Amino acid sequence: MPEAPKDEGAYAHAHDDANTIYSVAEEKNKKFLQFIEEVTANADEVQKRVLAEILSRNAHVECLKRHGLNGQTDRETFKKIMPVTTYEDIQPDVNRIANGDKSQIICSQPISEFLTSSGTSGGERKLMPTTEEELERRSLLYNLLMPVMSQFVPGLERGKGMYFLFIKSEAKTPGGLVARPVLTSYYKSSHFKNRSFDPYMNYTSPNETILCPDSYQSMFSQMLCGLCLNKEVLRVGAVFASGFIRAIRFLEKHWSLLCNDIRTGTLNPQITDPSVREAVMKILKPDPQLAEFIEGECGMESWRGIITRLWPNTKYIDVIVTGTMSQYIPTLDYYSNGLPLVCTMYASSECFFGVNLNPLCKPSEVSYTLIPTLGYFEFLPVDRNNGVTNCISMPKSLNGKEKQELVDLADVKLGQEYELVVTTYAGLYRYRVGDVLRVAGFKNKAPQFNFICRKNVVLSIDSDKTDEVELQNAVKNAVSHLVPFDAQVTDYTSYADTTTIPGHYVLFWELSLNGSTPIPPSVFEDCCLAVEESLNSVYRQGRVSDKSIGPLEIKIVEAGTFDKLMDYALSLGASINQYKTPRCVKFAPIVELLNSRVKASYSSPKCPKWVAGHKQWNINVK
Ligand code: AMP
1 MPEAPKDEGA YAHAHDDANT IYSVAEEKNK KFLQFIEEVT ANADEVQKRV LAEILSRNAH
61 VECLKRHGLN GQTDRETFKK IMPVTTYEDI QPDVNRIANG DKSQIICSQP ISEFLTSSGT
121 SGGERKLMPT TEEELERRSL LYNLLMPVMS QFVPGLERGK GMYFLFIKSE AKTPGGLVAR
181 PVLTSYYKSS HFKNRSFDPY MNYTSPNETI LCPDSYQSMF SQMLCGLCLN KEVLRVGAVF
241 ASGFIRAIRF LEKHWSLLCN DIRTGTLNPQ ITDPSVREAV MKILKPDPQL AEFIEGECGM
301 ESWRGIITRL WPNTKYIDVI VTGTMSQYIP TLDYYSNGLP LVCTMYASSE CFFGVNLNPL
361 CKPSEVSYTL IPTLGYFEFL PVDRNNGVTN CISMPKSLNG KEKQELVDLA DVKLGQEYEL
421 VVTTYAGLYR YRVGDVLRVA GFKNKAPQFN FICRKNVVLS IDSDKTDEVE LQNAVKNAVS
481 HLVPFDAQVT DYTSYADTTT IPGHYVLFWE LSLNGSTPIP PSVFEDCCLA VEESLNSVYR
541 QGRVSDKSIG PLEIKIVEAG TFDKLMDYAL SLGASINQYK TPRCVKFAPI VELLNSRVKA
601 SYSSPKCPKW VAGHKQWNIN VK
């Protein structure tokens, strides 16, 4: 199997002369590009060996023995014997590990921590097992990004990246394992914190500002450093588009305070974290001219192109705008005057998957090449038109015929859509990730995939993923507030409104009113809150802790609106027999139609409840 190049700290000496640093960088880039060539040229062989390696290392783990794999490591036996799984299938094993069982249940290596996925089960984040070694695989994927990018945008080693990166709260399982999001785990790891000097990982944000648990202090200090170093910035970004827009919104609110600090070279007392203060003070120097310049730009009425105005050497914005994040493209275009939007990678808590080898392409054309060394990948063909991905409940486990349909990485067909199924070094076997991908082309023998959607998800603003069932239950819980007024919701739909910052969920409700008492606004506000209280913990965390989602809004529409919606769908060719009210709308004319018939609108008066951790543990704690 082609060996992944090691990041051997080739630039341990930041004080080396610039030319030495650049030529080392070039050499290193070549090695990583060569690696991509090799693994994609031998995609099938690499996959075969990855599976054999996973199965032979884990031959004695309980989960494989339970299914009777008996140490066999070939693909055919594996596919015949091992079932395709969902989170519900693996949950009993996950719970045992979370409760402290250290026996080899799913993996021969110790489970070092859980990664908390933004996908949920029963309203709670899913817990994905991981090992120390997986961190190296994740680092490998990060190491591939800049060599790829440098082929298209030269000179990036000569400046800095202004990336807004954050950690989130973490919890401990009853057995003592840490549970936290994958990026928090990565930023806190020595792979990130103690990375050797690398001109391609030269960020304006000092580590201390990224690792600061207070989100205001973290954002403020990262923005301050980014502004101080504005001329050196060659690229800007965040993980998802929503996060980058939040940073711009923060600047809109706080530029005056930021400019005061830049003018005087002193850090305001709101920043109390000593390590953040120390790190920022190494960058912050009194610069009245810069402060005046920023004030001038931010004080203008229009913020069009603010990114290119404040960071004039920026060549692109590095954010994920594929999947539901595509809703933010117009806002990013506005703030950046149409700078290229670059989606570099595709990854999840379960496994890191792949890179975009053509990063300057249009967002709608982005495709990710899966790196065959990261895990063993299989693909379940889906046909969205026959309702498989849109139906409310997915089949829990696959029958024999469907199981046979799973194809290997090297066997997928151009243009076909598939659900991704992964087997990882950390003990997931044939696990359905829940993402739908379409084959867009090939790099050597490795397919490249467009990200199509997350199965079932109807609403998403940030990392929240709300499915139709959750929405339905939430609405059901909320309408109980209308019962005393003899009112009912006759039909509803929803919309992710990203014109506000942060974006928020909107529900359109049509009511049938039988009672004579008018319904006071406070009752509808209670309905808004009841919906929010019923949504999953990722949504509530976004509302309460990250403030990445705004208050949910209920818009009451005139009687007959949903009939109009149906008429409109029929006029576009929908079949009257099969017509069902869509539980989420995105198409602009439909949103306009609904908005034109709004009689009243109400918003959540306060945040729903959210506590860090896991409901199950919180109950146990009592
Ligand atoms: P999490 O496990 O919480 O890290 O979420 C991972 C999920 O985020 C993936 O399964 C995808 O649904 C989504 N995701 C990650 N990377 C991308 C990408 N580049 N484009 C679209 N969606 C993505």
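Just so you know, we're using full-length UniProt numbering here: the sequence shown kicks off at 1 and counts up by one. Ideal Cβ placement from N, Cα and C applies to all residues, glycine included. Everything numeric in this text was worked out from a predicted model, so none of it was measured.
1) Okay, do the stretch 160-170 and the stretch 208-220 touch, 3+ Cβ pairs below 8 Å being the bar?
2) Take Asp333 as the anchor and find which of Leu115, Leu357, Trp311 and Gly305 has the nearest alpha-carbon.
3) To the nearest angstrom, how far is the alpha carbon of Ala25 from that of Arg195?
4) Is it buried or exposed for Leu339, if we count other Cβ within 10 angstroms and need 16 for buried?
5) For a minimum of 3 consecutive residues, which ranges assigned as the beta strand (DSSP E) are wholly contained in the UniProt domain "GH3 C-terminal" (470-587)?
6) Would you kindly work out how many angstroms separate the C-alpha atoms of Lys126 and Leu290, rounded to a whole number?
7) Please name the residue in Lys599, Ala18, Ile590 and Arg138 whose C-alpha comes closest to that of Gly354.
8) Would you decide whether Ala12 is buried or exposed? Buried here means 16 or more other CB atoms lie within 10 Å of its CB.
9) Where do the N-terminal and C-terminal ends of the beta strand (DSSP E) with Gly226 fall, by residue?
10) What does the Cβ neighbour count give for Pro551, buried or exposed, with the cut at 16 atoms within 10 Å?
11) Since residue 625 and Leu310 are thought to touch, with beta carbons under 8 Å apart, how far apart are those beta carbons, to the nearest angstrom?
12) Touching or not, the stretch 567-586 and the stretch 480-489, by the rule of three or more beta carbon pairs under 8 Å?
13) When we look at the beta-carbon of Asp462 and count the other beta-carbons within 10 Å, is it buried (16 or more) or exposed?
14) Residue range of the beta strand (DSSP E) that Ser302 falls in?
15) Which word fits Ala588, buried or exposed, when buried means at least 16 other C-beta atoms lie within 10 angstroms of its C-beta?
16) When DSSP builds the beta bridges, which residues end up paired with Leu341?
17) Look at Val436 and Arg454 and say whether their C-beta atoms are less than 9 Å apart.
18) Identify the continuous beta strand (DSSP E) that holds Asn450 and give its terminal residues.
19) Take Leu593 and list the residues in its own chain whose beta-carbon comes closer than 7 Å to its own, dropping the five residues that flank it on each side.
20) At a threshold of 8 Å, does Tyr346 count as lining the ligand AMP (C-beta to nearest heavy atom)?
21) Taking only three categories from DSSP, how would you classify Ala18?
22) Going by the C-beta, is Pro181 closer than 8 Å to any heavy atom of the ligand AMP?
23) By how many angstroms is the C-alpha of Cys351 removed from the C-alpha of residue 635?
24) Within the continuous beta strand (DSSP E) that includes Arg195, where are the two ends?
25) Which of the three DSSP states is assigned to Lys28 in this structure?
26) Would you report the Cα separation of Glu157 and Thr264, rounded to the nearest angstrom?
27) Which residue comes first and which comes last in the alpha helix (DSSP H) that contains Phe166?
28) Under 8 Å by Cβ, that's how I've got Ala241 and Leu140 pegged, so tell me the actual separation to the nearest angstrom.
29) Assuming Gln47 and Phe377 are in contact, meaning their beta carbons sit under 8 Å apart, how far apart are those beta carbons, in whole angstroms?
30) Distance, Cα to Cα, Thr561 vs Glu510?
31) Mind checking whether Thr131 and Ala347 have CB atoms under 9 Å apart?
32) By how many angstroms is the C-alpha of Val475 removed from the C-alpha of Val531?
33) Going by DSSP, what residue range makes up the beta strand (DSSP E) through Val239?
34) Any idea if His614 is buried or exposed, counting beta-carbon neighbours within 10 angstroms, 16 or more meaning buried?
35) Where do the ends of the beta strand (DSSP E) carrying Arg138 lie?
36) Determine the burial state of Pro224: buried for a count of at least 16 other Cβ atoms within 10 Å of its Cβ, exposed for fewer.
The relevant details are as follows:
1) yes
2) That would be Gly305, whose Cα lies nearest to the Cα of Asp333.
3) The alpha-carbon of Ala25 is positioned some 14 Å away from that of Arg195.
4) buried
5) 487-497, 504-513 and 553-557
6) 46 Å
7) Arg138
8) In this prediction, Ala12 scores a pLDDT of 49, lower than 50, which makes its location untrustworthy; no coordinate-derived value is stated.
9) Element bounds for Gly226: not the beta strand (DSSP E) but the alpha helix (DSSP H), Ser215 to Cys228.
10) buried
11) With the chain covering 1 to 622 only, the question about residue 625 has no answer from this structure.
12) no
13) buried
14) Note, Ser302: premise wrong, no beta strand (DSSP E); not H, not E.
15) Taking all protein chains shown into account, Ala588 has fewer than 16 neighbouring C-beta atoms within 10 Å of its C-beta and is therefore exposed.
16) Ile317
17) yes
18) Residues Ala446 to Arg454.
19) Lys564, Leu565 and Tyr568
20) Tyr346 Cβ: within cutoff of the ligand AMP.
21) helix
22) yes
23) What is shown of the chain runs 1 to 622, which leaves residue 635 out entirely.
24) Looking at the DSSP string, Arg195 is not in any beta strand (DSSP E), and its letter there is neither H nor E.
25) Looking at Lys28 - three-state DSSP - the assignment turns out to be helix.
26) Computed Cα separation, rounded: 31 Å.
27) Where Phe166 is concerned, there is no enclosing alpha helix (DSSP H), because DSSP gives it neither an H nor an E.
28) Wrong, their Cβ atoms sit about 25 Å apart, outside the cutoff.
29) 7 Å
30) 7 Å
31) Cβ atoms of Thr131 and Ala347: not closer than 9 Å.
32) 6 Å
33) In the DSSP assignment, Val239 falls within the unbroken beta strand (DSSP E) covering Val233 to Phe240.
34) buried
35) First-last for Arg138: Glu132 to Phe152, but that is the alpha helix (DSSP H), not the beta strand (DSSP E).
36) A quick correction: the sequence has Leu, not Pro, at residue 224. It is buried - the Cβ of Leu224 has at least 16 other Cβ atoms within 10 Å.
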